[in-house]
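First to last, the sequence lines map onto chains A and B. So the number in our numbering is just where the residue sits in the first sequence, counting from 1, plus 8. Here our numbering is used: position 110 in the second sequence is 94, and no number is missing along the way. Structure, as structure tokens:
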Amino acid sequence: GAGVSQSPRYKVAKRGQDVALRCDPISGHVSLFWYQQALGQGPEFLTYFQNEAQLDKSGLPSDRFFAERPEGSVSTLKIQRTQQEDSAVYLCASSLATGSDPYEQYFGPGTRLTVT
Amino acid sequence: AQKVTQAQTEISVVEKEDVTLDCVYETRDTTYYLFWYKQPPSGELVFLIRRNSFDEQNEISGRYSWNFQKSTSSFNFTITASQVVDSAVYFCALRAPPTDSWGKLQFGAGTQVVVTP
């Protein structure tokens, strides 16, 4: 079946531009996570959605970062006024359910953002 | 606070050699889950294995095996008879109980595995 897809795969933005990164989770997956992966590092949590509700945004680095999932499926991560330190790979992951079951997270291929 | 440490930055082996990746974690939770993910050059993180904190039985799955030792907070991963296709970055990850963290993963910095023919 189809996995998690993300678009665009690559994005180059000039400093100060706004960008929008899209994530299409696996159909039926309730949970959706965004992670940021800097070069040579492990992914770091940004935010979490359960259906359309954003339940945790503790990892968002600044108020320039905004995420939404209005209908509980597709999610968009928006970065306003991009800075060079925003350059990273942004990974989206979805999971079947929440609760106590440790369902694994399925990751998309990521969007590599380069801010020049 | 949770922390995952992968001290090995890169490991280079010749095909058919075994590779063991080290992972040490810190957590105050009594219930937690540990994962290994593989990230090939394509960039997508691929789930490999999961272990919960109350099951220290070590297992083998194909060419993969793992050694979970709660007493030393280690969760090491071994690839037996490595192949060129195993070349990737491998991440160890820790997940706290969902009631506290919604299941978000805490990753280590990763270990680059290079397998040469």
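Ideal placement from N, C-alpha and C gives every residue a C-beta, glycine not left out.
Around the C-beta of residue i, are 16 or more other C-beta atoms found within 10 angstroms, so that it is buried, or is it exposed?
i, result
"D39 of chain B", "exposed"
"R35 of chain B", "buried"
"T90 of chain A", "buried"
"K(-13) of chain B", "exposed"
"S26 of chain B", "exposed"
"G46 of chain B", "exposed"
"Q92 of chain A", "exposed"
"D70 of chain B", "buried"
"D2 of chain B", "exposed"
"T124 of chain A", "exposed"
"A65 of chain B", "exposed"
On a CA-only basis, which of the options is nearest residue i? Give me that one, please.
i, options, result
"R100 of chain B", "B:T(-7), B:K(-13), B:V(-3)", "For the record, residue 100 of chain B in the displayed sequence is Thr; it is not Arg. Among B:T(-7), B:K(-13), B:V(-3), the Cα nearest to that of T100 of chain B belongs to B:V(-3)."
"C7 of chain B", "B:A(-15), B:Q(-8), B:D70, B:G27", "B:Q(-8)"
"S83 of chain A", "A:E112, A:K22, A:A28", "A:A28"
"N59 of chain A", "A:Q44, A:A21, A:P78", "A:P78"
"T15 of chain B", "B:V97, B:N60, B:F91, B:L78", "B:L78"
"V73 of chain B", "B:T64, B:S58, B:V98", "B:V98"
"S103 of chain A", "B:W20, B:T95, B:K22, B:F31", "B:F31"
"I87 of chain A", "A:E52, A:S13, A:E76", "A:E76"
Would you report the Cα separation of residue i and residue j, rounded to the nearest angstrom?
i, j, result
"T62 of chain B", "G50 of chain A", "20 Å"
"N42 of chain B", "L5 of chain B", "15 Å"
"W42 of chain A", "Q67 of chain B", "31 Å"
"R17 of chain A", "C100 of chain A", "12 Å"
"G24 of chain A", "D94 of chain A", "11 Å"
"D64 of chain A", "L18 of chain B", "21 Å"
"A105 of chain A", "Q62 of chain A", "15 Å"
"I44 of chain B", "F115 of chain A", "24 Å"
"Y48 of chain B", "N60 of chain B", "11 Å"
"R12 of chain B", "F75 of chain B", "21 Å"
Tell me whether the region 109 to 123 of chain A and the region 68 to 76 of chain A touch, counting them as touching only if at least three CB pairs, one residue from each stretch, are closer than 8 Å.
Judged by Cβ distances under 8 Å, the region 109 to 123 of chain A makes no contact with the region 68 to 76 of chain A, as fewer than three pairs qualify.
What ranges does the beta strand (DSSP E) occupy inside the region 10 to 59 of chain A, keeping only unbroken runs of at least 3 residues that lie completely in it?
Contiguous beta strand (DSSP E) elements confined to the region 10 to 59 of chain A occur at 13 to 15, 18 to 21, 27 to 32, 39 to 45, 52 to 58, taking only those with 3 or more residues.
What ranges does the beta strand (DSSP E) occupy inside the region 84 to 122 of chain A, keeping only unbroken runs of at least 3 residues that lie completely in it?
Within the region 84 to 122 of chain A, the complete beta strand (DSSP E) segments of 3 residues or longer fall at 96 to 103, listed in chain order.
Is the number of C-beta pairs between the region 48 to 56 of chain B and the region 27 to 46 of chain A that are closer than 8 Å three or more?
No: fewer than three Cβ pairs fall under 8 Å.
Taking the runs of the alpha helix (DSSP H) that are 4 residues or longer, which of them lie wholly in the region 39 to 100 of chain B?
Qualifying alpha helix (DSSP H) stretches, in chain order: 82 to 85.
Under 8 Å (Cβ pairs) to chain C, residues found in the region 12 to 39 of chain A
Reference to chain C is not applicable here, since the protein chains of this structure are A and B.
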